[in-house]
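What follows is one structure encoded as structure tokens, with my remarks underneath.
Protein chains: 2
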Amino acid sequence: MPATTVTIKQKKPVTLSVLSGTTLLDAVRTAGISLDSPCNGNGTCGKCRIRILEGETQTGKLDALKPEDAAKGLTLACQNIVTGPVTIEIPEKTRVTGKMRITDISEKEKKTLSLVRKERIREGMTPREIYHTQDLDLPHPDLGDNLSDDERFRRGFRKATGLEADISITTLRFLPDILRTSDFNVRAIYRDNGNGRAKILYVAGGDGPMPIYGLAVDIGTTSVAALIIDMTTSKVISKASTGNTQASYGADVINRIVYAEKPGGLIRLRKEIVENTISPLIRTLIRETGILPENIVSAAIAGNTTMTHLFLGVSPEHLRREPYIPAVTHVPELMGYQTKLPINPAADVWIAPSVASYVGGDITAGVFAVPIWKEEEFSMLIDLGTNGEIVFGNSDFLMTCACSAGPAFEGGEIDCGSRAVPGAIEAITISDDYEPSFRTIMDEAPVSICGSGIIDLICELKKTGIIDGRGKISRDLNSDRISFDEYGIGRYMIASPDLPGSLAEKDVYITEVDIDNFIKAKGAVYSAIATLLRSMDLPVEVVSAIYIAGGIGTNINIRNAIRLGMLPDIPEETYYYIGNSSVQGAYLALTLNEGKAKTEEIAHNMTYIELSADPAYMDDFLSACFIPHTDRSLFPSSDI
Amino acid sequence: MPATTVTIKQKKPVTLSVLSGTTLLDAVRTAGISLDSPCNGNGTCGKCRIRILEGETQTGKLDALKPEDAAKGLTLACQNIVTGPVTIEIPEKTRVTGKMRITDISEKEKKTLSLVRKERIREGMTPREIYHTQDLDLPHPDLGDNLSDDERFRRGFRKATGLEADISITTLRFLPDILRTSDFNVRAIYRDNGNGRAKILYVAGGDGPMPIYGLAVDIGTTSVAALIIDMTTSKVISKASTGNTQASYGADVINRIVYAEKPGGLIRLRKEIVENTISPLIRTLIRETGILPENIVSAAIAGNTTMTHLFLGVSPEHLRREPYIPAVTHVPELMGYQTKLPINPAADVWIAPSVASYVGGDITAGVFAVPIWKEEEFSMLIDLGTNGEIVFGNSDFLMTCACSAGPAFEGGEIDCGSRAVPGAIEAITISDDYEPSFRTIMDEAPVSICGSGIIDLICELKKTGIIDGRGKISRDLNSDRISFDEYGIGRYMIASPDLPGSLAEKDVYITEVDIDNFIKAKGAVYSAIATLLRSMDLPVEVVSAIYIAGGIGTNINIRNAIRLGMLPDIPEETYYYIGNSSVQGAYLALTLNEGKAKTEEIAHNMTYIELSADPAYMDDFLSACFIPHTDRSLFPSSDI
């Protein structure tokens, strides 16, 4: 196959040399440009829209390309095979850029973290105070005191701390210069190993403050969140989140695993999460705070099983094939350099343990962050991310299962869906004459609709009769907000610049396809909860607390989620929205001595139920794909 | 400075782009070609001979270029500065190629190593039997037994050995494929940590033997020696030695340190010792024996302080400047991958501790290999390498010092000198009519003269009156073997194709310059011994044993060394030639549990005397630069 070229017209145009037969999607990726492509080239999502300006390609099926996109001259990158020189243009909205969000952590969040930690300490756990700094003013060497640099450092350190210093070869390579440029006046960060020895983590010259930080990361399929923690006070300093740039290789874990199996795919996906997602996130966090990577001496990382494999560069291929075997669930403690993250090369890096292919470290860390594992009463954790994971139990046992909810709860696979970004609609009501009233995040002009908004919206659509129990839009209503496209797919318009008095600069709407995606997601979650309870032969009424975690957003209206048949119909006050329990667990593991071991113990004691091996699950799921449920008696309080 | 080109005419010619102003020596080095250059470009050794075929250069001082070389159209690469395009040719003998010597380790050597080890065990040390192999036939995963690969391995390993397995992330990356390609039938090499845990070093599929090897290395300034040891039986499997390819950057440690301080110099010298010297040595050893790098799970490496710094990539710059401070004397235990050697990436690598700038791990390992540190009687270790190091003491104290002998004892800086290679003259006598009789190594035609041969030769030259006490050749003798060049430098011809009945294919001779180099070397050693004894106020007669170690060769004639004034005049039977004590110490550290700690203890307890800080040393040295000594009463038994 002879080589040809693809030229991308942009501010700085690039011309790529590619083999004939390559898709435009793959060609563009070789330039390091990520296109929105949740179906990863299957031609089913219609998102990887580009425009061909010059040259011919061989075009495949364009069924997924929306008529309005086609009208703009767009085509799908994944469905065009390069056969000769071609010049293309990539619209801004097709490009995936993991947009960083630095959020000043709210006082409420800080308080929650601090409270949970204090409670654990009250119950007997101990603060992890093993990292310290030490100033050393060492005597200059002379012929009478000609100790080597490493021994001189050890002697001074011993004198100051009473501990024997273990110095890595990396530090030794820099030590002679640091000693001499700082006139033998140095500062060290060390870890007290508790056995009379100390691991030297960083040596710098001069005076001034020498902060010690920890890093807690939650690697989600769609979003990644990180906290920087002052390891001296255990306080959270800053927080940030960003999109997982792997998303351009598929929206869900299955598509990522498929991509990882392609030649070079695993390396590419590891690069995306390590170099293009978490590293910029860390750099942004420390740039804001003036921290050096060397000051980050401890990290705790929690992610689902696939994310953990990809982060480590371990092939996830067997996760998706029966009998669904992870390569690794208990990762050995790593050193910073092994992660390739911008942190201290000798940092202690702990990866939260996984339980099974679809119950990962995000869940074990999350369980540690809530009281399920230590109370006699039964409680439940429901993590609503791209996958839905459910844990049920008490101090005696923990059962868990996972269902593939898809990215709908995080706004994925919803035309106008998004994460909880400024301008996202987070709450909505619809009046009897089909007119919406909504609230957006930070009260900005509406740009999208996030997880909690979608729940409200679908609830209101059903309540007002705009949709039926299957999510189909009524053909009999008279409203400008309702329309049907040439394929007959219905759409409800929430905001639009074309509507009088609207602040919107773009259309924000929901389609029957979106609603269908959401119904499948809520059906998957509800039927998973039902299956888990059935496996223990217990009714939902035994559950004294349900903790809702995940990217669905702080403002989830639990009442509406129950009305929709997504969450069991038990009193609203049984539910607690706890946010990102995964990063909370990582925070606790960093700041409590017993945190890592307890999380490992939790992982060890969890019993995993493989839903695909449960013959009743599929029936349950199909019955739950209805609003609220085909068996209405399960939702007596639902009024829709 | 504009760029120009240097073309090297050879089988595959290369053209290098270099800056005007570069010496031809540096230009050639950028092509990865090493030229013989013991003075490292100072223009004093006359060895870096090349021929300029085309183009002009700016030529410096050529005093060191021998007339016969000049007659052949040769010039010195270090004294020619590139000013425009030039084409050169490099004679074969100017190129340095670290010629590998695989030596079937002799039964005698094996016996010595085994005896010393057995003696240590008899005295209470214990065999290091911590590396083992384990076959595992693991059950296949299914939905009822869906443990992850790492947990499955741990469970099987626990069942078989009773130990908890620690698996590195590197092994985890390969484990899924190894398990499945070997049908879950694997073999593992592990280290029993002694605390109920095991470090997994290697996992492979299938059946068949799974050997476990150790590597002992002595890094000398001039030569490098390595042993491969069966860690199950502690037996030496094979042995090899080679020239240190750093030699083309200077014959002695000072020149190497100077080169290491140049931009890129440290990296270059590390590359030379790691990639171009030790790695090929290991590859040759394991190619001969069918061992995989992964089977080498433990290594002990001993070298002088400069070699240790360069091997580790730690700058040796402060070693050569008062107050002579090493960057590191006690190196942390490393993992195989940190060394960049072709061994198991998780191998335990121990670097013998140094004492001071010029007393390194080769000496501390060497001391462990001889009984100095454990007997009540006084004894002495003299290591005759490029540097001479002396240790004196008993079980109560150990004193040490070092002198710069130069490479003469290993045949360096001697025109026809060489290491103990086949064809090297190792013993020689001269008759009253000035005719020599000699023995060569392996009885091959004479090609050079090695350390032990040089001692004999100079002794005989003095005895027959060919040279005087200062090493000057008599102008009054009538012999074809004696000649003087145009500068008046005398030469004694030992063998030559021009002499009747000679098997020699080349001239083998010694010059007054060679003799002078040797006298300085022996003077340095003798005066160092004298200084060390004086520091304790003890006469040489208290010494009950002197162990001679180093590259000087098995066949050193101790009697002659005493006659020359090189070694103290005490009974010949007090002396033991023990060969390479450094690699022996490394062997013992690998095969005895207490070996590493004992060597560290020895290093810790050694008191270093800096000769350059001893005002009497220089006088002692000058007095000793005479055959046998300016104070003849010190050598009553010397008859020459």
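So the protein lines, in turn, are chains A and B. According to our numbering, the first sequence holds residues 1 to 640 in order. According to our numbering, the second sequence holds residues 641 to 1280 in order. Think of the CB as a built atom: it goes at the ideal place given N, C-alpha and C, for glycine as much as any other residue.
- The alpha carbon of isoleucine 1169(B) has as its nearest neighbour, out of Leu1251(B), Ala1226(B) and Glu763(B), the alpha carbon of Leu1251(B).
- Straight through space, the alpha carbons of tyrosine 1248(B) and arginine 1272(B) are spaced by roughly 29 Å.
- Using a CB distance below 7 Å, the part of the region 759 to 790 of chain B facing chain A consists of Pro781, Asp782, Leu783, Asn786, Ser788, Asp789 and Asp790, ordered along the chain.
- In this structure lysine 199(A) is buried. Its beta-carbon is surrounded by 16 or more other beta-carbon atoms within 10 angstroms.
- Secondary structure at alanine 445(A): coil, using DSSP grouped into helix, strand and coil.
- Of all residues in the region 952 to 969 of chain B, only Leu952, Gly953, Val954, Ser955, Glu957, His958, Glu962, Pro963, Tyr964, Ile965, Pro966, Ala967, Val968 and Thr969 place a beta-carbon less than 8 Å from a beta-carbon of chain A.
- Here the alpha carbons of aspartate 870(B) and glycine 1000(B) stand approximately 27 Å from one another.
- With the rule of 3 Cβ pairs closer than 8 Å, the region 961 to 968 of chain B counts as touching the region 991 to 1009 of chain B.
- Only exposed fits aspartate 432(A), as fewer than 16 other CB atoms lie within 10 angstroms of its CB.
- A distance below 6 Å between beta-carbons, with the five flanking residues on each side excluded, links alanine 1264(B) to the following residues of its chain, in chain order: Gly1163, Tyr1166 and Ser1167.
- Burial check for phenylalanine 951(B): the Cβ neighbour count within 10 Å reaches 16 or more, so the residue is buried.
- Isoleucine 1003(B) has its alpha-carbon roughly 7 Å from the corresponding atom of asparagine 944(B).
- Residue pairing by DSSP places leucine 292(A) opposite no residue, since no beta bridge is assigned to it.
- A Cβ-Cβ distance of about 11 Å is found for the pair isoleucine 556(A) and tyrosine 576(A), leaving them out of contact under the 8 Å criterion.
- Taking a Cβ-Cβ threshold of 8 Å, the residues of chain A close to leucine 974(B) are Ile169, in chain order.
- Beta-bridge annotation (DSSP): leucine 776(B) is paired with Val826(B).
- Nearest neighbour of glutamate 294(A) by Cα position, chosen from Ile278(A), Asn195(A) and Ala188(A), turns out to be Ala188(A).
- Glutamate 600(A) has a beta carbon lying at 9 Å or more from every beta carbon in chain B.
- For proline 345(A), there are no neighbours in chain B by C-beta distance under 8 Å, as the nearest C-beta there is about 12 Å away.
- The beta carbon of proline 653(B) sits closer than 8 Å to the beta carbons of Thr647 from its chain, once the five residues preceding and following it are set aside; these are given in chain order.
- Contact with chain A is absent for alanine 942(B), since none of that chain's Cβ atoms lies less than 9 Å from the residue's Cβ.
- Within the region 163 to 189 of chain A, Asp166, Ile167, Ser168, Ile169, Leu172, Arg173, Leu175 and Pro176 place their CB atoms closer than 7 Å to a CB of chain B, listed in sequence order.
- Any Cβ of chain A closer than 9 Å to the Cβ of serine 994(B) would place that residue at the interface, and such an atom is present.
- At least one CB atom of chain A sits nearer than 9 Å to the CB of tyrosine 1248(B).
- With respect to the 9 Å criterion, isoleucine 219(A) and isoleucine 105(A) are not classified as neighbours on the basis of their beta carbons.
- Taking a Cβ-Cβ threshold of 7 Å, the residues of chain A close to alanine 1253(B) are Leu143, in chain order.
- In terms of Cα proximity to threonine 181(A), the closest of Ala204(A), Ile88(A) and Gly194(A) is Ala204(A).
- With respect to the C-alpha of glycine 905(B), the residue from Val954(B), Thr882(B) and Leu921(B) having the closest C-alpha is Val954(B).
- Residue ranges of uninterrupted alpha helix (DSSP H) with 4 or more members, entirely inside the region 676 to 750 of chain B and ordered along the chain, are 707 to 711.
- In this chain, serine 535(A) is not harboured by any beta strand (DSSP E); it is covered by the alpha helix (DSSP H) spanning 512 to 535.
- Residue-level contact by beta carbon fails for serine 888(B) and chain A, as no gap is shorter than 9 Å.
- For tyrosine 213(A), the enclosing beta strand (DSSP E) stretches over residues 213 to 219.
- For glutamine 338(A), the chain B residues whose Cβ falls inside 8 Å of its Cβ are Ile809, in order along the chain.
- Rounded to whole angstroms, isoleucine 467(A) and leucine 461(A) show a C-alpha spacing of 6 Å.
- Distance from the CA atom of arginine 155(A) to the CA atom of threonine 161(A), rounded to whole angstroms, is 10 Å.
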